[in-house]
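Undergrad: Dropping the structure in here first, questions after.
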Ligand SMILES: [Zn+2]
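Residue numbers (our numbering): 110 to 329.
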């Protein structure tokens, strides 16, 4: 049953039914979202006050999602990626294959050529840095896909490098592994065990935020 208001419960503006007589009530789909994510807690809002309230709710919603993202970017580095299949004492269930691919920009090999002295002398700065970036990106992809499958570790990881782009000097890094869920993650130590729990909480919260907005058809 719809409640009728003569004044807006939030800003007390007069609610009118005619086109030019007072304000109209805001779409009720907006109300739970505003109540959840802004400081305004009211059973209804009106055309006078809904915009500032909705704006604040959207800002808070976005800020929280951004902060979760930043946290996760750091936290997921704790997800182990190992080349062996059966690390000692791990109990795990197998979830599926995960892959990552990155291609660096052009010019890797010309940079390599120009730093050959450097290369044979020891390390090529440019080459190593691009490899490292490629590897880091691949590992991030593996970890994200692992999380999407509900996993917390990657076993049997394998890495490949190849030149692509028809002599344009592009370098491709490919990684593949098997996502698993370690069921006795306490054996990895208290710190990792706790980080896994935090990751799960953050993921749950992220899903909650996203579903809340989409269920109420809020464009954020
Ligand atoms: Zn109002």
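All C-beta atoms in this analysis are idealised placements derived from N, C-alpha and C, irrespective of residue type, glycine included.
Whole angstroms is fine: what's the gap from residue 166's alpha carbon to residue 271's?
TA: C-alpha separation (whole angstroms): 48 Å.
Undergrad: Would you list the one or two residues that DSSP bridges to residue 180?
TA: According to DSSP, residue 180 bridges with nothing at all.
Undergrad: Compute the Euclidean distance between the alpha carbons of residue 184 and residue 281, then round it to the nearest angstrom.
TA: Cα-Cα distance, rounded: 26 Å.
Undergrad: Leaving aside the five residues before and after residue 302 along the sequence, list all residues of the same chain whose C-beta is less than 6 Å from its C-beta, in chain order.
TA: So the list reads 294, 295, once near-sequence residues are dropped.
Undergrad: Should residue 197 go down as buried or exposed, given a rule of 16 or more other Cβ atoms within 10 Å for buried?
TA: Exposed, by the Cβ-count rule.
Undergrad: What is the DSSP secondary structure of residue 140, reduced to helix, strand or coil?
TA: Of the three classes helix, strand and coil, the one that applies to residue 140 here is helix, per DSSP.
Undergrad: Look at residue 325 and residue 134 and say whether their C-beta atoms are less than 9 Å apart.
TA: No; because the gap between Cβ atoms is not below 9 Å, this pair is not in contact.
Undergrad: Please name the residue or residues paired with residue 202 in a DSSP beta bridge.
TA: Answer is 290.
Undergrad: Any idea if residue 273 is buried or exposed, counting beta-carbon neighbours within 10 angstroms, 16 or more meaning buried?
TA: Answer is exposed; the Cβ neighbour count stays below 16.
Undergrad: Residue 266 by DSSP, collapsed to three states: which one?
TA: Of the three classes helix, strand and coil, the one that applies to residue 266 here is strand, per DSSP.
Undergrad: Report yes if the C-beta distance between residue 251 and residue 208 is below 9 Å; otherwise report no.
TA: Taking 9 Å as the Cβ cut-off, residue 251 and residue 208 qualify as a contacting pair.
Undergrad: How would you write the range of the alpha helix (DSSP H) that residue 317 sits in, first residue to last?
TA: Residues 299–324.
Undergrad: What did DSSP end up calling residue 285 once you bin it into helix, strand or coil?
TA: Correct three-state label for residue 285: strand.
Undergrad: Hey, is the stretch 169–177 in contact with the stretch 258–269, meaning 3+ C-beta pairs nearer than 8 Å?
TA: Result no; under three Cβ-Cβ pairs closer than 8 Å.
Undergrad: Would the beta-carbon of residue 119 be found less than 8 Å away from any heavy atom of ligand 1?
TA: Within the cutoff, so yes.
Undergrad: Using three-state DSSP, classify residue 258 as helix, strand or coil.
TA: Coil at residue 258, not helix or strand.
Undergrad: Would you mind sorting residue 205 into buried or exposed? The rule is 16 or more other CB atoms within 10 Å of its CB.
TA: Flag for residue 205 reads exposed.
Undergrad: Identify every residue that forms a DSSP beta bridge with residue 272.
TA: BP columns for residue 272 point to 280.
Undergrad: Have a look at the DSSP bridge pairing and note the partners of residue 194.
TA: Note: residue 194 sits in no beta bridge, so no partner.
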